[in-house]
Amino acid sequence: MNTFGYAAYSTDSPLAPYTFERRELRPDDVALEILYCGVCHSDLHTARNDWGMSYYPIVPGHEIVGRVIETGTQVTGFKAGDYVAVGCMVDSCRECDQCRKGDEQLCRQGPIYTYSGHDRISGEPTQGGYAKHLVVSEAFCLHMPEGLDLAKAAPLLCAGITTYSPLRTWNVGSGSRVGVIGLGGLGHMAVKLAVGLGAEVTVLSRSADKRADALALGAARLLVSADEGAMAEAASSFDLIIDTVPAKHDLDPYLPLLDVDGTLVIVGQLGPMSDFSTVPLLSGRRRVAGSPIGGIRETQELLDFCAKKNILPDCEMIRMDQINEAFERMEKADVRYRFVIDMASLSAAAA
Ligand SMILES: [Zn+2]
Ligand SMILES: [Zn+2]
Numbered sequence: 003m004n005t006f007g008y009a010a011y012s013t014d015s016p017l018a019p020y021t022f023e024r025r026e027l028r029p030d031d032v033a034l035e036i037l038y039c040g041v042c043h044s045d046l047h048t049a050r051n052d053w054g055m056s057y058y059p060i061v062p063g064h065e066i067v068g069r070v071i072e073t074g075t076q077v078t079g080f081k082a083g084d085y086v087a088v089g090c091m092v093d094s095c096r097e098c099d100q101c102r103k104g105d106e107q108l109c110r111q112g113p114i115y116t117y118s119g120h121d122r123i124s125g126e127p128t129q130g131g132y133a134k135h136l137v138v139s140e141a142f143c144l145h146m147p148e149g150l151d152l153a154k155a156a157p158l159l160c161a162g163i164t165t166y167s168p169l170r171t172w173n174v175g176s177g178s179r180v181g182v183i184g185l186g187g188l189g190h191m192a193v194k195l196a197v198g199l200g201a202e203v204t205v206l207s208r209s210a211d212k213r214a215d216a217l218a219l220g221a222a223r224l225l226v227s228a229d230e231g232a233m234a235e236a237a238s239s240f241d242l243i244i245d246t247v248p249a250k251h252d253l254d255p256y257l258p259l260l261d262v263d264g265t266l267v268i269v270g271q272l273g274p275m276s277d278f279s280t281v282p283l284l285s286g287r288r289r290v291a292g293s294p295i296g297g298i299r300e301t302q303e304l305l306d307f308c309a310k311k312n313i314l315p316d317c318e319m320i321r322m323d324q325i326n327e328a329f330e331r332m333e334k335a336d337v338r339y340r341f342v343i344d345m346a347s348l349s350a351a352a353a
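Our numbering applies: residue 3 is where the sequence shown begins, and numbers increase by one.
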């Protein structure tokens with residue numbers, strides 16, 4: 003299938019139009035027309051090959067919402083016209099213990115990523131959602147529940163599941179005391195989802211500048227991390243802290259905030275971190291953990307939960323030809339809180 007989109011052609015060139023092929027439908031594949039695609043920090047890292055996994059040209063985009071246009075001969079779960087979504091993974095080994103229990107993101111062989119991966123069968127490089135069409139196995143395609151705003155839902159597929167999965171892993175519910183460090187694309191979703199699950203949420207920020215934003219998102223309070231007195235008063239008062247800061251940072255100020263058996267979970271891929279003291283870990287049996295996206299079943303659960311609770315990311319809609327400007331603004335954290343590309347703008351931009 004011939005299609006078109008926007009690709010990075012090298013580490014330092016702006017994204018530009020690109021015409022390419024999607025595979026012919028396998029029996030279990032669905033083909034979709036992409037309607038919306040969120041813009042994630044990983045897209046930018048991949049365009050620039052910050053993680054050393056890129057090939058060129060590469061089409062980023064892994065917060066994909068679309069409509070099914072064709073189905074393979076053995077597809078049972080989808081039909082033409084269905085509204086669907088695809089996130090960060092398009093395949094996995096499907097046989098290991100992790101895949102069998104629905105944690106495909108933890109596949110022993112590693113999941114096949116929507117871009118910067120290689121197809122399990124053909125070995126072809128995968129290409130993401132900044133494009134008109136996508137072909138994906140139905141096992142990695144999600145149903146968009148009725149009533150969920152298609153455009154605004156796109157960021158749930160990465161920013162949403164990345165923060166929802168640790169909330170579920172650590173059993174956040176009514177009465178849980180949750181801290182969220184950082185109030186960007188991931189952080190704002192962590193606040194909304196934790197509040198939706200019934201938690202009492204505190205945003206941790208370097209200054210009080212974001213207090214009104216934090217409260218508007220549903221947080222009970224904002225704690226200024228530079229305020230040593232306030233931080234000391236908040237000692238041992240959190241069950242879970244979700245750390246969404248997108249750059250290397252010091253964990254020492256945050257660990258004493260955890261109650262006994264509390265966990266600080268890092269959701270950004272930050273590479274090596276600075277040293278932190280083990281004293282609060284041992285004295286409170288506290289933990290530092292990491293968590294990547296979530297499995298397919300859990301991602302569907304998230305979409306259904308968001309539809310039921312009417313939880314949606316705050317989005318700024320852009321045209322495809324505004325992507326390079328969006329990358330620049332994202333680097334300066336100048337977005338509230340996620341860019342979403344309206345793919346109806348793509349035909350015009352690529353012509
Ligand atoms: Zn992402
Ligand atoms: Zn597996």
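In this text, a Cβ means the ideal position worked out from N, Cα and C, and glycines have one as well.
Only a predicted model underlies this, so the values are computations on that prediction, with no experimental measurement involved.
Going by beta carbons, L284 and G264 fall outside the 8 Å limit. Within 10 angstroms of the beta-carbon of A133 lie 16 or more other beta-carbons, which makes it buried.
Rounded to whole angstroms, S209 and T13 show a C-alpha spacing of 34 Å.
Partner residues in the beta bridge of L266, as assigned by DSSP, are I243 and V290.
Of the other Cβ atoms in all chains shown, fewer than 16 fall within 10 Å of the Cβ of V262; this residue is therefore exposed. Annotation for E235: the continuous alpha helix (DSSP H) segment containing it runs E230 to E235. Here I183 is actually not in contact with Y85; their C-beta atoms are around 34 Å apart, not less than 8 Å. Rounded to the nearest angstrom, the Cβ distance from H190 to D316 is 6 Å, consistent with a contact under 8 Å.
With contact defined as three or more Cβ pairs closer than 8 Å, the stretch 63 to 72 and the stretch 28 to 46 are in contact. Residue R338 holds the alpha-carbon nearest to the alpha-carbon of K212 among R338, Y166, G200 and E202.
The Cβ-Cβ distance between Y117 and Q129 falls below 8 Å.
When rounded, the separation of the alpha-carbon atoms in T21 and R50 is 20 Å.
When the alpha-carbon of G63 is set against those of C98, V205 and F329, the nearest one is in F329. Taking the CA atoms as reference points, C101 sits about 15 Å from Q302. In the structure shown, C39 falls within a strand segment according to DSSP collapsed to helix, strand and coil.
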